[in-house]
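Participant: Sharing a structure, written as structure tokens. Questions coming.
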Ligand SMILES: Nc1nc2c(ncn2[C@@H]2O[C@H](COP(=O)(O)OP(=O)(O)OP(=O)(O)O)[C@@H](O)[C@H]2O)c(=O)[nH]1
Ligand SMILES: Nc1nc2c(ncn2[C@@H]2O[C@H](COP(=O)(O)OP(=O)(O)OP(=O)(O)O)[C@@H](O)[C@H]2O)c(=O)[nH]1
Ligand SMILES: [Mg+2]
Ligand SMILES: [Mg+2]
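Residue numbers (this note's numbering), protein chains in the order written: chain A, 1 to 284; chain B, 1001 to 1292.
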């Protein structure tokens, strides 16, 4: 009878290293290792492949718990002919503007009529950047002058989208740190004004997270969710070496589904989120 | 926070003086968790903990009347030592016009930081010239143009059909003509694993001979900080780092990781989106932030 009851410690350290260096974080790593210890049977204690298989299954189940609320694959309520309004939010530089272009391109390829709103009225050349993407994608961009009230631009855009019977309206907002309360208030105001112009808008609030971000992504998700209600997350820059493991903690704690992932700077670098592939990539 | 946790571990020791092995083990465990939660890289934490462990088992703690305090002091000293190395002022000596080259991953804050640096240089009596070399991102050149307008600093009219190296050469000639003494060069964001784009940076460096090659990194970067830092340093032999978005609540462990693997100094930190929101890097402030 093997006297061993626990996984060999150097093997455990190897697995921990994979988890930690993927930005999975202390809390989730501890939970995963504990589940592993409970689930593994004696004959597999020394079998690294079997241990990895168990770990992967646990990680996928954490992610799938969050995915249950995913509205991405819902068919929009076309019978009512209401434009679906989706607001993109997130901290500075994560890829919101570029991601909007990809999402617009994705839905256009499915035959939907999409329109964009340049509601980042703060940053230098933010409007121009979105306009160039709008040209490339073939989607109209509603904008005003730099310095305009973002809520006012959104108000105009929603009435234009309604008038032109658009299927989807994507709102690009300025990057902002979640610690800046006045900037979070600005977003809340955009949300209120959108709802005034079209009851129920914005129907989706998509939080864009950068895969190179560490544990701070959890704070970002918490504050944006608390402040606005986040319907889904898009994870960008997975074409680098960062694994984005922090989304497992976000999924487990906040149950926000991940809708898409981005893997590059081009319009086609865009995929529907697949928990199994995501977890496999962590162990690659 | 860590200092409270460590105080708890050692509080039963008043009058006893000596630390037990268990106390030390527990303290090291708490330090490790605090550093990992602060995004310090796993391997960097491992090495750092070994340094701390050696010292914690040594005479200075053994003979101390307040061993707990001594351990806390060791941790903060080791962190500050790791982050305090290297010359932190900009190297601005050499034949004019000098060049400062900004590089880094996509979205890390290079373009904004270029503006901040130019603003800082002008306040210190220099005549900077901003050079946009990002011909790939939509409206990147316009972005730097608008930034230049805001702070009244001339921006090179880069031609997006030129190669980046040629833009830099033309900018150098233009700088001489207008009497500018420092070029601040903003490059396109790129992945450290993109060999072609990393080679492009090397070509730019070989053509312009910058006195500073500065890696602009995001303060909220996680474990990946070591990968990108090692690669950029390998290819360019960077002279320093600028950590952006530091005014947020990211613990900033990336700062420690990057300095540990490159031995290069963090010269500045970005503390906001405005063009005057740049300040020097203070290692002791950073280490207490990382320790939480
Ligand atoms: N490699 C890579 N780069 C990306 C990806 N998504 C966006 N980027 C790049 O990241 C940089 C920032 O993208 P933006 O779309 O401007 O980000 P943003 O969130 O709108 O930025 P702000 O509006 O300034 O807050 C650009 O250089 C993009 O090309 C991705 O999936 N992979
Ligand atoms: N909060 C905050 N935002 C910053 C800071 N520095 C830059 N930013 C913002 O970060 C975002 C990205 O900045 P950019 O200067 O466009 O970044 P970049 O590295 O040039 O991006 P690419 O050229 O696409 O690689 C913008 O929204 C900036 O305003 C900072 O110190 N604090
Ligand atoms: Mg943007
Ligand atoms: Mg840029």
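Glycine included, each C-beta is placed from N, C-alpha and C at the ideal position.
Can you name the residues of chain B whose CB is closer than 7 Å to the CB of residue 165 of chain A?
Facilitator: Those within 7 Å of residue 165 of chain A in chain B number zero; the least Cβ separation is about 28 Å.
Participant: Give me the chain A residues within the contact set of residue 1060 of chain B, using Cβ-Cβ distance strictly less than 9 Å, ordered along the chain.
Facilitator: Chain A residues near residue 1060 of chain B: none, gap ~29 Å exceeds 9 Å.
Participant: Give me the DSSP bridge partner(s) of residue 204 of chain A.
Facilitator: DSSP output for residue 204 of chain A lists A:86 as bridge partner(s).
Participant: State the DSSP-derived secondary structure class of residue 1257 of chain B, mapped to helix, strand or coil.
Facilitator: It is helical.
Participant: Check whether chain A comes within 8 Å of residue 1023 of chain B, counting only Cβ atoms and requiring the distance to be less than that.
Facilitator: No, residue 1023 of chain B does not count as interfacial toward chain A.
Participant: How would you call residue 73 of chain A, buried or exposed, if buried means at least 16 neighbouring beta carbons within 10 angstroms?
Facilitator: A caution first: residue 73 of chain A carries a pLDDT of 47, below 50, which makes its placement in the model unreliable, though a value can still be read off. Its Cβ having fewer than 16 others within 10 Å, residue 73 of chain A is exposed.
Participant: Return the residues of the region 1263 to 1277 of chain B that lie within a Cβ-Cβ distance of less than 8 Å from chain A, sorted by chain order.
Facilitator: So the list reads 1273, given in the order they occur along the chain.
Participant: Between B:1227, B:1164, B:1088 and B:1228, which has its C-alpha nearest residue 1201 of chain B's C-alpha?
Facilitator: Of B:1227, B:1164, B:1088 and B:1228, the residue nearest in Cα terms is B:1164.
Participant: If we require 4 or more residues per run, which alpha helix (DSSP H) segments fall completely within the region 1148 to 1202 of chain B?
Facilitator: Runs found: 1164 to 1178.
Participant: Quick check: the Cα distance between residue 29 of chain A and residue 1213 of chain B, rounded to an integer number of angstroms?
Facilitator: Their backbone Cα atoms lie some 37 Å apart in a straight line.
Participant: For residue 1117 of chain B, collect the residues of the same chain with a Cβ closer than 6 Å to its Cβ; drop the 5 residues on either side in sequence, then sort them by chain order.
Facilitator: These residues qualify, in order along the chain: 1184.
Participant: Would residue 128 of chain A count as contacting chain B if we go by Cβ distances under 8 Å?
Facilitator: It does: the Cβ of residue 128 of chain A has a partner Cβ on chain B nearer than 8 Å.
Participant: For ligand 4, any of its heavy atoms closer than 7 Å to the Cβ of residue 1110 of chain B?
Facilitator: Checking the Cβ of residue 1110 of chain B against ligand 4 gives yes.
Participant: Helix or strand or just coil, what does DSSP make of residue 1217 of chain B?
Facilitator: Strand at residue 1217 of chain B.
Participant: Identify which residue in B:1235, B:1267 and B:1153 has its Cα closest to the Cα of residue 1179 of chain B.
Facilitator: For the residues B:1235, B:1267 and B:1153, the minimum Cα distance to residue 1179 of chain B belongs to B:1153.
Participant: In chain order, what residues of the region 245 to 262 of chain A put their CB closer than 9 Å to some CB of chain B?
Facilitator: If the cut-off is 9 Å between Cβ atoms, the region 245 to 262 of chain A has 245 and 246 near chain B.
Participant: Counting only Cβ pairs nearer than 7 Å, list the residues of chain B close to residue 241 of chain A.
Facilitator: Here the neighbours are 1193, 1224 and 1227.
Participant: Whole alpha helix (DSSP H) runs in the region 85 to 146 of chain A with 4 or more residues, listed along the chain?
Facilitator: Those alpha helix (DSSP H) runs which fall completely within the region 85 to 146 of chain A and span 4+ residues are 96 to 108 and 126 to 137.
Participant: 8 Å is my cut-off, CB to CB: does residue 1249 of chain B come that close to chain A?
Facilitator: Judged by the 8 Å Cβ criterion, residue 1249 of chain B is in contact with chain A.
Participant: Taking 8 Å as the threshold (beta carbon to beta carbon), is residue 210 of chain A in contact with chain B?
Facilitator: Residue 210 of chain A counts as touching chain B.
Participant: What separation, rounded to the nearest whole angstrom, lies between the Cα atoms of residue 175 of chain A and residue 1149 of chain B?
Facilitator: Answer to the nearest angstrom: the Cα atoms are 21 Å apart.
Participant: With distances taken Cα to Cα, identify the nearest neighbour of residue 1301 of chain B among B:1070, B:1114, B:1182 and B:1095.
Facilitator: A question about residue 1301 of chain B goes unanswered here, because the residues of chain B that appear run from 1001 up to 1292.
Participant: Counting only beta-carbon atoms, is residue 1138 of chain B nearer than 8 Å to chain C?
Facilitator: Among the protein chains of the structure shown, namely A and B, there is no chain C.
Participant: Would you identify the three-state DSSP class for residue 1268 of chain B, choosing helix, strand or coil?
Facilitator: Here residue 1268 of chain B sits in strand by DSSP.
Participant: Going by DSSP, what residue range makes up the beta strand (DSSP E) through residue 1132 of chain B?
Facilitator: Its beta strand (DSSP E) spans residues 1128 to 1132.
Participant: Nearest to residue 40 of chain A by alpha carbon, out of A:24, A:12, A:17 and A:19?
Facilitator: Comparing Cα positions, the closest option is A:12.
Participant: Using a Cβ-Cβ cutoff of 7 Å, what residues of the region 1097 to 1120 of chain B are near chain A? List them in chain order.
Facilitator: From the region 1097 to 1120 of chain B, only 1105, 1106, 1107, 1108 and 1109 have a Cβ closer than 7 Å to chain A.
Participant: Can you tell me whether residue 256 of chain A is buried or exposed, with buried defined as 16 or more other CB within 10 angstroms of its CB?
Facilitator: Buried, since its Cβ has 16 or more Cβ neighbours within 10 Å.
Participant: Report the residue from B:1053, B:1054, B:1278 and B:1096 whose alpha carbon sits nearest the alpha carbon of residue 1123 of chain B.
Facilitator: Comparing Cα positions, the closest option is B:1278.
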